[in-house]
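Using the UniProt record's numbering, read the sequence shown as starting at 1 and increasing by one per residue. Presented below is the structure to which this report refers.
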Amino acid sequence: MRGVVVLLSNKKQDRLRAKYKLHHLLRTHMGSDDQSYQSVIQNEDGAGSVGVALSRSLLHVAANALKINLIELGPSCLPLSEQLLYGWSVLQGKFQNAATKQEVYVPNFKKAFEHFCIHVGGKGIIDAVEERLRLKKEDGKASRMTLHRFGNTSSSSVWYELSYLEAKGRIRKGDRVWQIAFCSGFKCNSAVWECISELDHNIRKAWSSSIHVYPVQIPNVTDQ
Numbered sequence: 001m002r003g004v005v006v007l008l009s010n011k012k013q014d015r016l017r018a019k020y021k022l023h024h025l026l027r028t029h030m031g032s033d034d035q036s037y038q039s040v041i042q043n044e045d046g047a048g049s050v051g052v053a054l055s056r057s058l059l060h061v062a063a064n065a066l067k068i069n070l071i072e073l074g075p076s077c078l079p080l081s082e083q084l085l086y087g088w089s090v091l092q093g094k095f096q097n098a099a100t101k102q103e104v105y106v107p108n109f110k111k112a113f114e115h116f117c118i119h120v121g122g123k124g125i126i127d128a129v130e131e132r133l134r135l136k137k138e139d140g141k142a143s144r145m146t147l148h149r150f151g152n153t154s155s156s157s158v159w160y161e162l163s164y165l166e167a168k169g170r171i172r173k174g175d176r177v178w179q180i181a182f183c184s185g186f187k188c189n190s191a192v193w194e195c196i197s198e199l200d201h202n203i204r205k206a207w208s209s210s211i212h213v214y215p216v217q218i219p220n221v222t223d224q
């Protein structure tokens with residue numbers, strides 16, 4: 001069992017010692033859809049033991065929740081050029097038939113964020129989000145290393161990933177970080193932060209005792 005504690009403040013005087021500024025916080029709740037609601041649910045099995053059941057549709061549900069979350073978040077974060085390309089792609093699709101219809105343009109999120117902290121719910125979740133957002137493997141490295149080091153820590157994983165990026169000295173003042181987390185319900189949550197101070201990478205953190213051995217090569221079990 002792992003968790004995190006985050007201290008937030010809306011007092012102006014705390015800006016001088018704050019590490020990050022929260023720009024956007026968005027929660028997408030899919031509970032009105034039965035398939036989404038039942039994708040992660042606590043119930044009893046045949047033996048009467050209580051546990052959490054994951055449906056086979058979980059990845060599909062997560063992808064759909066992420067899509068809706070992006071539609072709402074995009075206008076607040078993406079540069080106008082990327083918004084126009086996306087809008088033009090959607091408009092074109094309305095006038096194309098099924099045979100010639102092209103995929104909707106996926107915005108270049110690297111133009112809006114320097115770092116990505118993807119929910120560590122398993123390798124499949126990380127892979128699916130990377131594919132949906134057209135990210136490179138390097139963009140999801142903090143997520144994979146967190147999964148390797150701490151396992152599935154649910155929504156708190158995005159803070160372990162942020163700590164990893166800090167410990168590696170990747171985050172600079174002015175950088176923007178996008179945290180993406182999933183929860184039962186089904187919910188997709190986005191938090192957009194801007195680093196507003198020069199970080200001290202020598203402060204002892206969750207990764208202090210092991211950061212020197214990371215990143216590590218993680219074998220793809222499906223290839224073995």
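For glycine and all other residues, C-beta sits at the position ideal for the given N, C-alpha and C.
| Query | Result |
| --- | --- |
| Start-to-end residues for the alpha helix (DSSP H) that takes in Thr-146 | 141–150 |
| Endpoints, beta strand (DSSP E) assigned at Leu-26 | 20–29 |
| Reduced DSSP category for His-60 - H, G, I as helix; E, B as strand; rest coil | helix |
| Residue environment, Asp-139, which counts as buried when at least 16 other CB atoms sit within 10 Å | buried |
| CA-to-CA distance, Cys-195 to Lys-21, given in whole angstroms | 6 Å |
| The segment 184–200 touching the segment 19–39, judged by at least three CB pairs closer than 8 Å | yes |
| Classification of Trp-159 by the beta-carbon crowding that lies within 10 angstroms, buried from 16 upward | buried |
| Ser-163 classed as buried or exposed, judged by whether at least 16 other C-beta atoms fall within 10 angstroms | buried |
| Contact test: His-23 Cβ vs the ligand HEM heavy atom, cutoff 7 Å | Inclusion of the ligand HEM in the displayed structure is not the case, the ligand content being empty and no account of it being possible. |
| Proximity to Arg-56 [Cα-Cα], best of Asn-69, Gly-46, Gln-35, Ile-71 | Gln-35 |
| Backbone secondary structure at Asp-223 - three-state DSSP | With a pLDDT of 42 at Asp-223, under the threshold of 50, the modelled position of that residue is not reliable, and the figure given next carries that caveat. Helix. |
| Cross-strand partners of Gly-51 (DSSP beta bridge) | Asn-43 |
| Among Gln-83, Lys-110, Gly-185, Gln-179, the one whose alpha carbon lies nearest that of Leu-58 | Gly-185 |
| Reduced DSSP secondary structure (H/G/I, E/B, other) of Lys-173 | coil |
| Among Ser-156, Ile-203, Gly-174, Ala-53, the one whose alpha carbon lies nearest that of Ala-181 | Ser-156 |
| Paired residues, beta bridge with residue 229 - DSSP | No answer is possible for residue 229: the residues shown for the chain start at 1 and end at 224. |
| Touching by the beta-carbon criterion (3+ pairs, under 8 Å), the segment 105–117 and the segment 166–183 | yes |
| Residues that DSSP places opposite Gln-13 in a beta bridge | None; Gln-13 has no bridge partner. |
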